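The sequence shown lines up with residues -20 to -1, 1 to 269 when you count with mature numbering (1 follows the signal peptide of the UniProt record, and there is no 0).
Below is one structure, written out as structure tokens; the observations come after it.
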Amino acid sequence: MLRALLVTILLASSVAPAAAAPWTWPIGEHRIDRPFDPPDSEYGAGHRGVDIPGRAGQTVRAVAVGRVTFAGRVAGVWTITIEHGGERSTYQPVSPAVRVGDAVTAGQPIGRLLGGHPSCRRTCLNLGRLRGDEYLDPADLLATAGSYRLIDPDGSPPEPPGAGTGDLPLDGPVTSAFGMRVHPVTGARKLHDGVDIGAACGTPVPAAGAGRVGRAEPSGAYGLQVQVEHGGGIATSYAHLGSVAVHRGQQVVAGDVVGRVGSTGFSTGCHLHFMRLVDGHPVDPLGER
Ligand SMILES: [Zn+2]
């Protein structure tokens, strides 16, 4: 009986065309801001792939089981390509956390979303789907996952991203909130002037917004620290970094990697101490604006 069933399954799978499996959404947003609009010619204008809105630093996940065939820059844009057996998915602009040859499962983190994809107003992921050299519409596979919708230009605006962690540069767990606390190293009761985000040492830290680097140097208890001035008296700061990737005076856009998570200064382990400053005074990055 079992044997007969097995044979039936094997026959069925060898006869049926290899229907592409549905894709899981690569980032938290289940929404397409700009649909697929392939160019008429190979080098023509058009929109290969779809744009999915996201936040800089957000974890990007593989849409299906496969193997990484590319992880590097294409014309200066960080790109990951995953082979799924006949079809490939591409992800831009994404700082890779995987290497060529890595096997991945559906939903597995493969990197972090960077800013700067030119066709979207804010940060977004350009997700592509290829069979050979032919571009296909990723939405056909995402649609079957059930939660796909296009934004209706005449309809009501989409819901904003969930309140709370929406403005943090990394989407790791908040291990210590802003506010009064007993300091884990000194034991003193004082203001914890930022939000601690748990992340492995070496994790790329993206700028939360565009601005100019005002500081990129060791700074006492903060360890190696980068501060970005966004204008209007607003600044963000990234502390306990293991390394910095920018220099003072440099202009950055949201998603540019400013450094990597570390444990320098007064720190008990790898994490990012993220601060938001208004006129030089720390405010709760997760608080009201
Ligand atoms: Zn902290």
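All C-beta atoms, glycine included, are put in the ideal place defined by N, C-alpha and C.
No experiment lies behind these values; they were computed from the predicted model shown.
Open item on the list: Can you check which of these residues, Ala179, Thr183, Thr216, Gly178, is closest to Ala196 by C-alpha distance?
Closed with: Start at 1 with the first residue of the sequence shown, and residue 196 comes out as number 216. The residue with the shortest Cα to Cα distance from Ala196 is Thr216.
TODO: Using three-state DSSP, classify Pro133 as helix, strand or coil.
DONE: For the purposes of this step, residue 133 is taken as the residue at position 153 of the sequence shown. Because the pLDDT at Pro133 is just 48, under 50, the model does not fix this residue reliably, and the point stays unresolved.
Open item on the list: Below 8 Å, how does it come out for the region 204 to 215 and the region 223 to 230: are there three or more Cβ pairs, yes or no?
Closed with: yes
Open item on the list: Quick check on DSSP: helix, strand or coil for Ala187?
Closed with: In the sequence shown, the residue the question calls residue 187 occupies position 207. Reduced to three states, the DSSP call for Ala187 is coil.
Task: Glu114 to Thr4 span [Cα, whole Å] - done: For this step, residue 114 is matched to residue 134 along the sequence shown. For this step, residue 4 is matched to residue 24 along the sequence shown. Rounded to whole angstroms, Glu114 to Thr4 spans 21 Å at the Cα level.
Open item on the list: Determine whether the beta carbon atoms of His251 and His220 lie at a separation below 8 Å.
Closed with: The residue labelled residue 251 in the question sits at position 271 within the sequence shown. The residue labelled residue 220 in the question sits at position 240 within the sequence shown. Contact flag set, yes.
Task: Inter-residue Cα distance where the pair is Gly249 and Ala179 - done: In the sequence shown, counting from the first residue as 1, residue 249 sits at position 269. In the sequence shown, counting from the first residue as 1, residue 179 sits at position 199. Using only the alpha carbons, I get a separation of about 9 Å.
Task: Any non-hydrogen atom of ligand 1 closer than 7 Å to His253 Cβ - done: For the purposes of this step, residue 253 is taken as residue 273 along the sequence shown, with counting starting at 1. It does: the Cβ of His253 is within 7 Å (strictly closer) of some heavy atom of ligand 1.
TODO: Report the three-state DSSP secondary structure of Ala179 (helix, strand or coil).
DONE: Taking the first residue of the sequence shown as position 1, residue 179 is located at position 199. It is coil, neither helix nor strand.
Task: Outcome for Met255 when other beta-carbon atoms lying within 10 angstroms are tallied against a minimum of 16 - done: As a working note, residue 255 is residue 275 in the sequence shown. That one is buried.
Task: Three-way DSSP call (helix, strand, coil) for Asp117 in this model - done: Position 137 of the sequence shown, counted from the start, is the residue given in the question as residue 117. Reduced to three states, the DSSP call for Asp117 is coil.
TODO: Select from Asp264, Pro2, Val258, Ile90 the residue whose C-alpha is nearest the C-alpha of Asp120.
DONE: Counting from one through the sequence shown, the residue named residue 120 turns up at place 140. Taking only the C-alpha atoms, the option nearest Asp120 is Pro2.
Task: Contact test: His172 Cβ vs ligand 1 heavy atom, cutoff 7 Å - done: Translated into the one-based positions of the sequence shown, residue 172 becomes position 192. Result yes, Cβ under 7 Å from ligand 1.
TODO: Count the other C-beta atoms from every protein chain shown that fall within 10 angstroms of the C-beta of Ala51, then say buried if there are 16 or more, exposed otherwise.
DONE: Locating residue 51 in the sequence shown gives position 71, counting from the first residue. That one is buried.
- [ ] Identify whether Ala201 lies in helix, strand or coil by the three-state DSSP scheme.
- [x] On the sequence shown, position 221 is the one that residue 201 refers to. Three-state result, Ala201: helix.
TODO: Throw me the rounded Cβ distance for the Gly81 and Ala42 pair, which I believe falls under 8 Å.
DONE: Against the sequence shown, residue 81 aligns to sequence position 101. Against the sequence shown, residue 42 aligns to sequence position 62. That belief does not hold up - the Cβ atoms of Gly81 and Ala42 are roughly 14 Å apart, past 8 Å.
TODO: May I ask you to list the residues that DSSP assigns as paired with Ser156?
DONE: Here residue 156 corresponds to residue number 176 of the sequence shown, with the count starting at 1. According to DSSP, which records beta bridges pairwise, Ser156 is partnered with Asp176.
TODO: Report buried or exposed for Leu171, applying the criterion of at least 16 other Cβ atoms within 10 angstroms of its Cβ.
DONE: Here residue 171 refers to the residue found at position 191 of the sequence shown. Leu171 is exposed by the Cβ-count criterion.
Open item on the list: Bridge partners for Arg109 per DSSP, in chain order?
Closed with: For this step, residue 109 is matched to residue 129 along the sequence shown. For Arg109, which the question treats as bridged, DSSP gives the partners Ser69, Leu116.
Open item on the list: Spatial neighbours of Gln230 within its chain, please: C-beta separation below 6 Å, excluding the five flanking residues on both sides.
Closed with: Here residue 230 refers to the residue found at position 250 when the sequence shown is read from its first residue. Result list for Gln230: Val193, in chain order.
- [ ] May I ask which residues mark the beginning and end of the beta strand (DSSP E) holding Ala77?
- [x] Translated into positions along the sequence shown, residue 77 becomes position 97. Careful: Ala77 lies outside any beta strand (DSSP E) and carries neither H nor E.
Open item on the list: Taking the straight line between their C-alpha atoms, what separation do you get for Met160 and Asp264?
Closed with: In the sequence shown, residue 160 corresponds to position 180, counting from 1. In the sequence shown, residue 264 corresponds to position 284, counting from 1. Approximately 11 Å, taken between the alpha carbons.
Open item on the list: Taking the alpha carbon of Gly245 as the reference point, which residue from Arg109, Gly191, Tyr218, Arg11 has its own alpha carbon closest?
Closed with: One-based indexing of the sequence shown puts residue 245 at position 265. Minimum Cα distance to Gly245 is reached at Tyr218.
- [ ] Say yes only if the C-beta of Asp236 is nearer than 7 Å to one or more non-hydrogen atoms of ligand 1, and no if none qualify.
- [x] Residue mapping note: residue 236 aligns to position 256 of the sequence shown, counting from 1. The answer is no for Asp236.
Open item on the list: Within 10 Å of its beta-carbon, does residue 328 have 16 or more other beta-carbons around it, so buried, or fewer, so exposed?
Closed with: The chain is shown only over -20 to 269; residue 328 falls outside these bounds and no answer can be derived.
Open item on the list: Looking at ligand 1, does it come within less than 7 Å of residue 270, judged from the CB to the closest heavy atom?
Closed with: Here the chain covers residues -20 to 269 and nothing more, so residue 270 does not appear.
Open item on the list: Could you tell me the alpha carbon to alpha carbon distance between Val233 and Ala36, rounded to whole angstroms?
Closed with: The residue given as residue 233 occupies position 253 in the sequence shown. The residue given as residue 36 occupies position 56 in the sequence shown. Taking the straight line joining both Cα atoms gives about 10 Å.
- [ ] Tell me whether Ser223 counts as near ligand 1, meaning its Cβ is closer than 7 Å to at least one heavy atom of that ligand.
- [x] Counted from its first residue, the sequence shown places residue 223 at position 243. No, ligand 1 has no heavy atom inside 7 Å of this Cβ.
- [ ] Quick one: residues in its chain with C-beta nearer than 7 Å to the C-beta of Ser(-8), no 5 flanking neighbours on either side, listed in chain order?
- [x] Along the sequence shown, read from residue 1 onward, the residue named residue -8 stands at position 13. Residue confidence for Ser(-8) is low, a pLDDT of 41 falling below 50, so the modelled location carries little weight and cannot support an answer.
Task: Where Val258 falls, given that 16 or more other Cβ within 10 Å makes a residue buried - done: Against the sequence shown, residue 258 aligns to sequence position 278. Val258 comes out exposed.
Open item on the list: DSSP has Thr61 in a bridge; who is on the other side?
Closed with: Numbered from 1 along the sequence shown, position 81 holds the residue referred to as residue 61. Thr61 pairs with Phe50, Thr70.
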